[in-house]
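**Q** Take the sequence shown: its position 2, counted from the start at 1, is 13 in the numbering used here, and no numbers get skipped.
In this text, a Cβ means the ideal position worked out from N, Cα and C, and glycines have one as well.
Quick caveat: nothing in here was measured; it's all calculated off a predicted structure.
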Amino acid sequence: GVSSPGRGWFPQLATEHTRRTPVDFQIAVLAGDGIGPEVTDQGAKILEAVGRVFGHIFRMEYGDVGGISIDNHGTPLLPKVSDLAAEADAVLFGAVGGPKWDDPSAKTRPEDGLLELRTRLGVFANIRPVKVYPWLTDASALKPEILEGVDLVVVRELTGGLYYAEPKGRHETPQGWTAVDTMRYNEGEIERILRVGFELAQGRRHKLTSVDKANVLECSRLWRQTATRLSPEYPDVELEHALVDSCTMHLIQRPAEFDVIVAENTFGDILSDETSVLSGSMGLLPSASLSGVPVAGKRTKGFYEPIHGTAPDIAGQDKANPIGSILSVALLLRYSLGLSEEAVAVEKAVDEVLSAGHRTGDIADAGAYSVGTRDLGQRISDALESSL
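1) Reducing DSSP to helix, strand and coil, say where F65 ends up.
2) Let me check understanding here. Comparing Cα to Cα, which of I79, L205, D223 and D94 lies closest to A39?
3) Take L163 as the anchor and find which of T184, A375 and L262 has the nearest alpha-carbon.
4) Near Y174, what residues of its chain come up, given a Cβ to Cβ distance below 6 Å and the 5 sequence neighbours on each side ignored?
5) DSSP state of N276, grouped into three classes?
6) If you follow the beta strand (DSSP E) that G335 is in, where does it begin and where does it stop?
7) Look at the alpha carbon of A377 and the alpha carbon of G368, and state the distance between them as a whole number of angstroms.
8) May I ask which residues mark the beginning and end of the beta strand (DSSP E) holding T384?
9) Could you give the uninterrupted runs of the beta strand (DSSP E) lying entirely in the region 160-246, keeping only those of 3 residues or more?
10) Please list the terminal residues of the continuous alpha helix (DSSP H) segment that includes E352.
11) Could you check what DSSP says for I374 in three-state terms: helix, strand or coil?
12) Does DSSP put Q264 in a helix, in a strand, or in coil?
13) May I ask you to report which of helix, strand or coil DSSP gives K118?
14) Within a Cβ cutoff of 6 Å, which residues of the same chain sit near D135, ignoring the five residues on either side of it in sequence?
15) Which of the three DSSP states is assigned to V306 in this structure?
16) What did DSSP end up calling G47 once you bin it into helix, strand or coil?
17) Taking the Cβ atom as the reference point for each residue, do V331 and T384 lie within a distance shorter than 8 Å?
18) Since I believe P317 is in contact with S339 (beta carbons under 8 Å), could you give me their beta-carbon distance rounded to a whole number of angstroms?
19) Between which residues of its own chain and S221 is the CB-CB distance below 6 Å, once the five residues before and five after are set aside?
20) What residues match up with R139 in a beta bridge as DSSP calls it?
21) What are the boundary residues of the beta strand (DSSP E) that includes L254?
22) Which same chain residues, not among the five before or five after S336, have their C-beta less than 8 Å away from its C-beta?
23) In this structure, does DSSP put S381 in helix, strand or coil?
24) Please say whether A96 and V161 have beta carbons closer to each other than 8 Å?
25) Any idea if Q186 is buried or exposed, counting beta-carbon neighbours within 10 angstroms, 16 or more meaning buried?
26) What residues are listed by DSSP as bridge partners for S298?
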């Protein structure tokens with residue numbers, strides 16, 4: 012399995028970190044709109060700190076995407092920016108969209124650039140780790156005793172199912188308007204996303220929850236059948252099947268029992284958003300979208316972004332929480348660059364700064380005092396450099 016956030020999220024670091032031959036990486040930084048540039052700047056700052064500590068070179072190349080690209084270039088994604096993302100070792104992304112571009116009659120929207128990038132990069136697996144920090148349990152709407160020990164990952168299939176399959180659309184009939192969406196999966200699509208879940212579980216607590224609606228849907232019956240077929244290839248991973256409706260309840264009632272959850276596109280979208288409630292703030296949560304199964308020793312093309320949106324109400328005010336972007340950098344280091352030790356160092360620095368009581372406003376009620384976006388990013392950078 013691959014090293015990934017799990018129980019004991021920060022494996023023991025050696026007193027002297029491993030000295031390696033410096034490696035040169037190309038990172039496409041696409042900050043987007045709203046608070047995207049602010050938090051992505053802090054993610055880039057952490058990459059620079061990693062470079063200083065471990066001797067790597069991160070060549071960051073910037074491009075417009077989303078609303079700012081529409082304003083500057085008339086399109087949400089220029090071909091040269093798409094090429095930049097495709098040629099890079101990894102993409103660090105901010106967020107796109109906002110009220111300024113919400114005209115329903117517009118020919119193009121900021122989100123079109125994001126969807127085009129996902130298609131170009133071939134990313135099919137969205138990975139969202141959710142860890143509840145003991146010193147932030149008061150920031151959640153749930154009782155602290157329910158949150159104790161919560162440390163899970165949701166793996167969402169990203170390119171199939173209801174969001175993409177045909178036929179799709181609306182048409183008028185004598186009885187009124189009719190709408191249709193189609194859920195369609197083939198066995199190969201299901202197998203590759205399940206393998207992502209199994210591989211992650213091998214590097215964590217060895218438990219995989221496969222979510223479906225097999226009592227109703229044929230796609231889910233194929234999903235469950237495929238999961239059962241693959242299970243013997245991963246004898247050290249306990250496989251359990253869960254209906255999506257019961258899984259949504261159990262995520263709130265007993266979330267600490269979950270390790271890795273894998274689900275198709277629609278179910279995964281809903282479940283991954285639900286888990287953001289556990290941490291206390293969407294600003295804390297990272298994500299990775301991968302184009303391959305994350306096997307140890309193999310670098311995978313990836314697209315990394317915090318799960319929050321553009322938050323236009325606080326954009327430009329130094330109020331945004333940069334931790335989601337910074338932890339996305341840790342995932343970038345781990346999955347696309349093969350730098351697990353460096354990823355652990357970033358996660359450990361975040362842990363140190365939060366445990367010391369430093370908070371942005373979204374989680375300030377659970378901490379000692381509030382700091383701004385840049386201040387928190389700098390503190391994490393300083394902690395990273397001083398710890399090693």
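**A** For this structure:
1) helix
2) D94
3) L262
4) N276
5) helix
6) Unbroken run through G335 is the alpha helix (DSSP H), I334 to Y346; no beta strand (DSSP E).
7) Residue confidence for A377 is low, a pLDDT of 49 falling below 50, so the modelled location carries little weight and cannot support an answer.
8) Unbroken run through T384 is the alpha helix (DSSP H), T384 to S398; no beta strand (DSSP E).
9) 162-168, 180-184, 187-191 and 218-223
10) In this chain, the alpha helix (DSSP H) harbouring E352 covers S351 to S366.
11) Note: I374 maps to helix in three-state DSSP.
12) In this structure, Q264 counts as helix in the three-state DSSP scheme.
13) coil
14) At residue 135 the sequence reads Phe, which differs from the Asp that was named. These residues qualify, in order along the chain: L169 and T170.
15) coil
16) helix
17) In the sequence as presented, Val is not what sits at residue 331; that position holds Ala. Going by C-beta atoms, A331 is nearer than 8 Å to T384.
18) 6 Å
19) Only A238, H252 and V273 meet the Cβ criterion.
20) V165
21) E249 to L254
22) V50, T51, Q53, G54, L103, G105, P297, E316 and P317
23) strand
24) With contacts defined as CB atoms closer than 8 Å, V161 and A96 fail to qualify as a contacting pair.
25) exposed
26) E316.
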